[in-house]
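Note that our numbering numbers the sequence shown so that position 190 is 173, with each residue one more than the last.
Where is the CB? At the ideal position from N, CA and C, for every residue including glycine.
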Amino acid sequence: MDTQDAPQSPAAEPPLPPLDETGIGRVLVVVAHPDDAEYGTSAAVASWVSRGIEVGYLLLTAGEAGMQRPPEEAGPLRAREQRAACETVGVERLTILDFPDGVLEYGLELRRAIAREIRAFRPDAVVCGSGQLEVAWGFDHADHRAAGLAAIDAARDADNRWVFPELLHEEDLAPWSVQRLLLTGARPTHAVPVDEDAARRAIASLSAHEAYLADLPWHPSPEDLVTGLLADQGRRAGLPLAVAFAEHRLRE
């Protein structure tokens, strides 16, 4: 057979470059539920905080429908566990909204609530889901998809004084320009290197959801799960450990 006709091996993908953090002094992580930020993202958060970057969490629901106990009991419990998780990675600003868990709907009310927090906290970057149906781990949760799409749109809404003008005129929240979106659940473009200390803190942050995880007997141990995630994403970046994101620049 002519060598020109021989099947060619696919070229190896180049390693993910490190995320350029120039100009990033504040990051807002937007997720649907308590524990959502603890599946890898919290390692990047721990790394950012250790370098002086301020990070805030915005949870759209209290996760009250996620346990084998009544919602009125589960919601406050999960909020307490989330506060403990935040402490392990140095997050001081935690905002938990009261949208209903399990039936989160994309729409103007959700976009307004996220835009409100963006204008109040004034982050340079927003971390959120991609809003995609199919992700690396299968079909994403409906709440995650709604949260991701709403956060992406709210990042633009927050910069437009004519969208949700009541935020400016009634709440005195001036428009704010988010520079970058860092998406999870999408094909990654960049990686945040993390060290062993950040990895330990990330494991501790997931472990803080003790009662929640006790309701999930099939769930891997936090150490195995987080270490595996960080090692896998590290391999894609040519690093021992990393957290990968799809970066989109909204403003230079």
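Rounded C-alpha distance that separates residue i from residue j
{"i": "Asp140", "j": "His202", "result": "37 Å"}
{"i": "Tyr40", "j": "Ala96", "result": "13 Å"}
{"i": "Ala125", "j": "Asp3", "result": "31 Å"}
{"i": "Arg232", "j": "Leu11", "result": "15 Å"}
{"i": "Pro0", "j": "Arg170", "result": "13 Å"}
{"i": "Gln(-13)", "j": "Ala(-5)", "result": "Residue confidence for Gln(-13) is low, a pLDDT of 44 falling below 50, so the modelled location carries little weight and cannot support an answer."}
{"i": "His152", "j": "Asp142", "result": "14 Å"}
{"i": "Asp136", "j": "Pro223", "result": "34 Å"}
{"i": "Pro(-2)", "j": "Asp155", "result": "44 Å"}
{"i": "Glu230", "j": "Ala157", "result": "25 Å"}
{"i": "Ala174", "j": "Arg52", "result": "38 Å"}
{"i": "Glu55", "j": "Glu47", "result": "7 Å"}
{"i": "Ala214", "j": "Gln115", "result": "24 Å"}
Option nearest residue i by Cα separation, candidates the options
{"i": "Arg144", "options": "Ala57, Arg102, Pro83 and Val86", "result": "Arg102"}
{"i": "Ala119", "options": "Pro(-2), Phe228 and Glu88", "result": "Phe228"}
{"i": "Arg163", "options": "Glu(-4), Glu153, Gly6 and Ala182", "result": "Gly6"}
{"i": "Asp18", "options": "Glu55, Pro1, Val72 and Arg34", "result": "Val72"}
{"i": "Arg9", "options": "Ala214, Asp123, Arg34 and Ala130", "result": "Arg34"}
{"i": "Gln65", "options": "Gly221, Asp198, His192 and Gly114", "result": "His192"}
{"i": "Phe82", "options": "Leu189, Ala15 and Glu206", "result": "Ala15"}
{"i": "Leu196", "options": "Pro53, Val175 and Arg61", "result": "Arg61"}
{"i": "Val74", "options": "Glu179, Arg128, Arg183 and Ala29", "result": "Ala29"}
{"i": "Gly217", "options": "Val13, Glu92 and Ala26", "result": "Ala26"}
DSSP beta-bridge partners of residue i
{"i": "Pro176", "result": "Ala225"}
{"i": "Ile79", "result": "Leu42"}
{"i": "Thr167", "result": "Gly112"}
{"i": "Gly121", "result": "Val118"}
Inter-residue CB distance, residue i and residue j (contact presumed, cutoff 8 Å)
{"i": "Val209", "j": "Leu165", "result": "So it is not a contact: roughly 18 Å between Cβ atoms."}
{"i": "Thr167", "j": "Gly121", "result": "Not a contact, Cβ separation roughly 14 Å."}
{"i": "Ala89", "j": "Leu212", "result": "The sequence shown places Tyr at residue 89, not Ala. Not really, about 27 Å apart at Cβ, beyond 8 Å."}
{"i": "Leu80", "j": "Leu132", "result": "Contact doesn't hold; Cβ gap of about 16 Å is too wide."}
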